[in-house]
C-alpha cells in the first residue's frame, strides 16, 4: 500500500463464493483500493489500482452488496448494512471519477485496453487468464498488486502463449521472410529518386543474406558513418547494379562500397558450419549454396554472384524469423538489430518442428524432515569425511582403552545436558498427542485438511513459487535495476513468509502438524532465497568497499 | 503384549555393534576437539561399554549379548554367563568375568584380525542381515531354553539394539527385511541408533515394524546420554515413557532385480516381489505376466511391506 491518505476504511465481507464470505477491511486511498482479511489464513489480500476500476459500481437491491469491477473479474463485498454501503459508494465514486479523468490525460494510459492487459496478444492473454483460475489468481495478486510488471509476468509464460496461439482459431503459420528479394523491390519507379523504408526485419534479412554487410555495419556505424549514410551508400550501389543488369545503366559496373568486408573463405566456412546442423536432404538451398559458394572457374563472375545471391536468399527465407508479435513490437521502426539480436533471429521455423515439451520431473517429498535436514547433513558430512579411518585406528583406540581404562566421567555434564535437551525436543516436537493424531489420521496430509485450507495453501504455494522464480532470475545483481527488482521481490517474499508463519500459528492441533509439514519445503525455499539475497548484498557491499578503497589509494 | 511375571523384570538385550570402517570413518578423529558434535573412536567404545555395564547393573538378572558385525562375518563378543549355562552347559560359564573387560579383549582380537586383512573393507558392507539373524536365533534359543526349564519366559522380554554407522547396503535388502519380519513375528523389539551422516532406511523400517525406537543423535559426542535415556528402558516400561518418535520413516524398498533403492516400482501380483522395471515373469515365484491382458504388474508406490 502506498503512502497516500486513506479516504475510506470499512469493515466488509469479501464474497469468494456463495458459501464462503471472508470478513475483512476495505481501505480506499486516492490511488489504490485494498481489501485485507482479518484472518490471513483465509484469503489473500486484494489490491486494485483505482485507475483500473470503472466508475460504475453496481449495488444490489435489498442486500448490502457492492460489485466492484476490476480487471478480469468483479469483486463482491458485503457491507454491514445498506446505509453503510451507500455511504461508501458516495465516497468512492468521486475518487473513481477523478482517477478516470486524470487517467485519460496521459496518452499511454488512455491507450491501455480496458482489461489492463497490454501488448499485441492482449486478447490471447485474456483468454488464458479466463481459462486458468490459478493463473488469474496469480495475475490479480502479483500484477494488479504491483509486485510484478505485466511484461515480467508474461515473460516466463512465453510457451503458454505460443501454445495458445497454436491452438487458437487465428493460429497462423509463423511468418518467414518474404521471398521477394529486397534489391528487386526497392528499385521500382525507374526514376532517380528511390524511397526506402527499412524495417528491422528487412535489415535482419539483409544481414543474414550478406554477412559482409553486417561486418561492414558493425565496423563502421556509428563511428565512421551514420546509420542513414551507411544504408544510402549501400542502396545507391544496389540500385545502380540493378540498373546495370537491366541494361539501363551507363558506365562501368558499380563498385560495392563495402567490398573490403567481403571474405569468401569466411562465408564458406560459416555455410559449412551451418550445414552441420541442417538436414542436407531437406535443405537443398544450403546444399546448392555451398556447392556454389566456392568460386568456380567455369562460370562468369557475374552469373556466379547472381546464383550465390539467390541461393543465399533462399537459405535465409527457409530459416525464417521469429514472429514479430512475440518479441519485438513489430512496428516499422528504422532500428537495425545489434549483433546479438541478429544471431537470435536465426531461428528455424517452429511450426515445422514438433513442439518442445518440457520434461519436468515431479517433485516428490515424502519425508520433509529428510529434505529439511539434508542441508545440515551436507555440512557435517564434509567435515567428517576428511580422513577415512581403518581398523588399525580402531585397534589403537581399544589398546589405549585397555591400558588407560574407562575415563571418569565418561561424558561431560555439558554434553549430557545438550543431549537431554535434544531428546526432549524430539519427544515434544513430533511426539505426544500430535504424533498419535498423525498416526490415527490415515492417508496423506492433504486428505486431512479442509478443502478451504487446501485452497489457501495451494494459493500460497503458487504465489510464493512464482515470486521465487522471478526472484532467482534477478541474480546476479549486476545492475541497479536488477537490485531494485530483487529488493522489491524480496519484500514480497518476506510477506509470504510472514503469511505462512501466521498460518502455522493460527492453526490448531492436528491441522497445525499437517500445515507445518506441507509448508516445510516452501519455507525452506523461502529461507534459501532470502539468505541468498542477504549474502549477495553483503558480497556486493564488500566488493564496493574494496574498489572504493583502491580508488582512494590511487588518488592518494 | 504378553503378560509379565510381576516379580521378574529382567530382560535380554542383544546389541549388534557394527565394527566396520564406515563406522570408524563417520566418527571424529582423536585429535579433533571434544565438541559435543564430535565423537572420537576411543570415547565411542568407552561410552558403549559404560552403557552395557549400566544395563547389566540395573538388574542382576539382565542378560546381555554383544554381536560384532564386520565386513563379511559376525562375531559374538560377549554373552552373559547364565545364557551359556542354559545353552551350552556349565563348562563355559567360568569364562565370564567383568563384562567390559571381556568385550574389550574380544574386540581387540577381532580388530587385530580385521586390520591384518589386506585392502580394508570398504567394498564389503557390514553383514547387518547376518548379525540380525544370529541375534534372533540366540533370542529364540534363550526363550525356548527358559520355557523348557519351566521359567515360563514369554516373548516380548528380549530386545535388539543396533549401533550402525555405515550407509545401507541395498543388496542386503531382502535378507534384512526378512530378519525384520521374523523379529516382528516373535515380538522382538528392534531399536536402532544411527551414527552415520544419513538416516538408515533399513533401521527406520525395522524400528517402525517392531515398535522400537530409531534415533540418529544430533550431538554424537553425548552418545552415552542418548543410549541411557532412550534405550535403557525395557519394552514394558516404554508404555509409560515418552520417547522420541521420528517425523517420518523412509519406506523405500530395494528392487529384487538390481537391488536398487526405489520409491516407485512394479509389484508382482502373486508374491509381491518388487521390480524396478517391467519384467515378463517374476523371478521369485515364476509367474508369467502376459502382455495382452490387463497388466498383472501394476506400477504403484511401494509402501511399507507389512
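Protein chains in written order, with the numbering used here: chain X, 34 to 589; chain Z, 21 to 326. Note that the Cβ used here is the ideal one computed from N, Cα and C, for glycine as well. None of these values were measured; they are calculated from a predicted model.
Compare the Cα-Cα distances from residue 126 of chain Z to each of Z:245, Z:95, Z:136, Z:152 and report the closest residue.
Taking the first residue of the second chain as 1, we reach residue 126 of chain Z at position 106. With distances taken between Cα atoms, residue 126 of chain Z lies closest to Z:95.
Please check if any C-beta of chain X sits within less than 8 Å of the C-beta of residue 128 of chain Z.
Residue 128 of chain Z sits at position 108 when you count from the first residue of the second chain. Residue 128 of chain Z counts as touching chain X.
What three-state label does DSSP hand residue 38 of chain Z in the structure shown?
Residue mapping note: residue 38 of chain Z aligns to position 18 of the second chain, counting from 1. Here residue 38 of chain Z sits in strand by DSSP.
Is it buried or exposed for residue 431 of chain X, if we count other Cβ within 10 angstroms and need 16 for buried?
As a working note, residue 431 of chain X is residue 398 in the first chain. Answer is buried; the Cβ neighbour count reaches 16.
Between residue 455 of chain X and chain Z, is there a C-beta pair that is closer than 8 Å?
Along the first chain, one-based indexing puts residue 455 of chain X at 422. Chain Z contact via Cβ: present.
Find the residues of chain X that neighbour residue 184 of chain Z, judging by a C-beta separation of less than 7 Å, and give them in chain order.
To locate residue 184 of chain Z, count along the second chain from 1; it is residue 164. Those do not exist, as residue 184 of chain Z stays about 15 Å from chain X at its closest Cβ, beyond 7 Å.
Quick one: what's got a C-beta closer than 7 Å to residue 276 of chain Z's C-beta in the same chain, skipping five residues either side?
In the second chain, residue 276 of chain Z corresponds to position 256, counting from 1. Result list for residue 276 of chain Z: 194, 293, 294, 295, 303, 304, in chain order.
Relative to the alpha-carbon of residue 509 of chain X, which residue among X:121, X:562, X:528 has its alpha-carbon at the smallest distance?
Taking the first chain and counting its residues from 1, one reaches residue 509 of chain X at position 476. The residue with the shortest Cα to Cα distance from residue 509 of chain X is X:562.
What's the call for residue 173 of chain X, buried or exposed, on a 16-neighbour Cβ count within 10 Å?
The residue given as residue 173 of chain X occupies position 140 in the first chain. That one is buried.
Quick check: what's the CA-CA separation for residue 435 of chain X versus residue 122 of chain Z?
As a first step, residue 435 of chain X must be located in the first chain, where it is residue number 402. As a first step, residue 122 of chain Z must be located in the second chain, where it is residue number 102. If you draw a straight line from the Cα of residue 435 of chain X to the Cα of residue 122 of chain Z, it is about 11 Å long.
By how many angstroms is the C-alpha of residue 38 of chain Z removed from the C-alpha of residue 249 of chain Z?
For the purposes of this step, residue 249 of chain Z is identified with residue 229 of the second chain, where counting begins at 1. For the purposes of this step, residue 38 of chain Z is identified with residue 18 of the second chain, where counting begins at 1. The C-alpha of residue 249 of chain Z lies about 21 Å from the C-alpha of residue 38 of chain Z.
Just the chain Z side, please: which residues come within less than 8 Å of residue 422 of chain X by C-beta, in chain order?
Counting from 1 along the first chain, the entry for residue 422 of chain X is found at position 389. Neighbours of residue 422 of chain X on chain Z, chain order: 41, 44, 45, 47, 49, 61.
So, under 8 Å CB-CB, residue 187 of chain Z and residue 42 of chain Z are touching, yes? Tell me the CB distance rounded to an integer number of Å.
The count along the second chain starts at 1 and reaches residue 187 of chain Z at position 167. The count along the second chain starts at 1 and reaches residue 42 of chain Z at position 22. 7 Å between Cβ atoms; contact.
Have a look at the DSSP bridge pairing and note the partners of residue 295 of chain Z.
For the purposes of this step, residue 295 of chain Z is taken as residue 275 along the second chain, with counting starting at 1. The partner list for residue 295 of chain Z (beta bridge, DSSP) reads Z:286.
Please go through the same chain and pick out, in chain order, the residues whose beta-carbon is closer than 6 Å to the beta-carbon of residue 540 of chain X, but skip the five residues on each side of it.
For this step, residue 540 of chain X is matched to residue 507 along the first chain. Closer than 6 Å at the Cβ level, and outside the excluded window around residue 540 of chain X, lie 548.
Measuring only the C-alpha atoms, how far is residue 71 of chain Z from residue 226 of chain Z?
Position 51 of the second chain, counted from the start, is the residue given in the question as residue 71 of chain Z. Position 206 of the second chain, counted from the start, is the residue given in the question as residue 226 of chain Z. Residue 71 of chain Z and residue 226 of chain Z: Cα-Cα distance of roughly 22 Å.
Sort Z:124, Z:198, Z:143 by Cα distance to residue 91 of chain Z and report the nearest one.
Position 71 of the second chain, counted from the start, is the residue given in the question as residue 91 of chain Z. When each option's Cα is compared against that of residue 91 of chain Z, the closest is Z:143.
Taking a contact to mean a Cβ-Cβ separation below 8 Å, would you say residue 109 of chain X touches residue 85 of chain X in this structure?
If you number the first chain from 1, residue 109 of chain X lands on position 76. If you number the first chain from 1, residue 85 of chain X lands on position 52. Cβ atoms of residue 109 of chain X and residue 85 of chain X: not closer than 8 Å.
Consider the Cβ of residue 432 of chain X: report whether some Cβ of chain Z lies at a distance smaller than 8 Å.
One-based indexing of the first chain puts residue 432 of chain X at position 399. Closer than 8 Å: yes.
Is it buried or exposed for residue 46 of chain X, if we count other Cβ within 10 angstroms and need 16 for buried?
Residue mapping note: residue 46 of chain X aligns to position 13 of the first chain, counting from 1. So residue 46 of chain X ends up on the buried side.
Are the beta-carbon atoms of residue 43 of chain X and residue 121 of chain X separated by less than 8 Å?
In the first chain, counting from the first residue as 1, residue 43 of chain X sits at position 10. In the first chain, counting from the first residue as 1, residue 121 of chain X sits at position 88. Result yes, Cβ atoms of residue 43 of chain X and residue 121 of chain X sit closer than 8 Å.
Are the stretch 517-534 of chain X and the stretch 61-68 of chain X in contact at 8 Å, needing three or more beta carbon pairs?
no
For residue 214 of chain Z, list the residues DSSP reports as bridge partners.
Locating residue 214 of chain Z in the second chain gives position 194, counting from the first residue. According to DSSP, residue 214 of chain Z bridges with Z:184.
If I measure Cβ to Cβ from residue 74 of chain Z and keep anything under 8 Å in the same chain, skipping five residues before and after, which residues do I get?
Taking the first residue of the second chain as 1, we reach residue 74 of chain Z at position 54. So the qualifying residues of the chain are 248, 252.
Tell me the rounded alpha-carbon separation between residue 59 of chain X and residue 125 of chain X.
What you label residue 59 of chain X is simply residue 26 of the first chain in a count that begins at 1. What you label residue 125 of chain X is simply residue 92 of the first chain in a count that begins at 1. Using only the alpha carbons, I get a separation of about 11 Å.
Note down the Cα distance separating residue 177 of chain X from residue 239 of chain Z, rounded to an integer number of angstroms.
Sequence index remark: in the first chain, residue 177 of chain X carries index 144 (1-based). Sequence index remark: in the second chain, residue 239 of chain Z carries index 219 (1-based). Using only the alpha carbons, I get a separation of about 50 Å.
Residue range of the alpha helix (DSSP H) that residue 494 of chain X falls in?
Taking the first chain and counting its residues from 1, one reaches residue 494 of chain X at position 461. Run containing residue 494 of chain X: 484-506, per the alpha helix (DSSP H) assignment.
Measuring CB atoms only, is the stretch 488-502 of chain X touching the stretch 155-164 of chain X, in the sense that at least three cross pairs come out at less than 8 Å?
no
Run through DSSP, which three-state label would residue 155 of chain X get?
The residue labelled residue 155 of chain X in the question sits at position 122 within the first chain. In the structure shown, residue 155 of chain X sits in a helix (DSSP, three-state: H, G or I).
Report the three-state DSSP secondary structure of residue 146 of chain Z (helix, strand or coil).
Taking the second chain and counting its residues from 1, the one referred to as residue 146 of chain Z is at position 126. Coil at residue 146 of chain Z, not helix or strand.
Measuring straight from C-alpha to C-alpha, what distance separates residue 73 of chain X and residue 566 of chain X?
The residue you call residue 73 of chain X lines up with position 40 of the first chain. The residue you call residue 566 of chain X lines up with position 533 of the first chain. Rounded to whole angstroms, residue 73 of chain X to residue 566 of chain X spans 26 Å at the Cα level.
Between residue 81 of chain Z and residue 98 of chain Z, what straight-line distance do the alpha-carbon atoms span, to the nearest angstrom?
The residue you call residue 81 of chain Z lines up with position 61 of the second chain. The residue you call residue 98 of chain Z lines up with position 78 of the second chain. If you take the alpha carbons of residue 81 of chain Z and residue 98 of chain Z, they lie about 16 Å apart.
Count the other CB atoms, across all protein chains shown, that sit within 10 Å of the CB of residue 171 of chain Z; report buried if there are 16 or more and exposed otherwise.
Working through the second chain from its first residue, we reach residue 171 of chain Z at position 151. Here residue 171 of chain Z scores only 45 on pLDDT, less than 50, and its place in the model should not be relied on; the value that follows carries that caveat. Exposed, by the Cβ-count rule.
Identify, in the order they occur along the chain, each residue of the same chain with its Cβ nearer than 8 Å to the Cβ of residue 114 of chain X, setting aside the five sequence neighbours on each side.
For the purposes of this step, residue 114 of chain X is taken as residue 81 along the first chain, with counting starting at 1. So the list reads 97, once near-sequence residues are dropped.
Contact criterion: CB-CB distance below 8 Å. Does residue 323 of chain X meet it with respect to chain Z?
As a first step, residue 323 of chain X is located in the first chain; it is residue number 290 there, counting from the start. In this prediction, residue 323 of chain X has a pLDDT of 47, which is less than 50 and means its spatial position is unreliable; what the coordinates show is noted afterwards. Taking a beta-carbon distance threshold of 8 Å, residue 323 of chain X does not count as an interface residue toward chain Z.
Should residue 497 of chain X and residue 507 of chain X be called a contact, given that it needs their Cβ atoms to be closer than 8 Å?
For the purposes of this step, residue 497 of chain X is taken as the residue at position 464 of the first chain. For the purposes of this step, residue 507 of chain X is taken as the residue at position 474 of the first chain. No, these two residues do not count as a Cβ contact at 8 Å.
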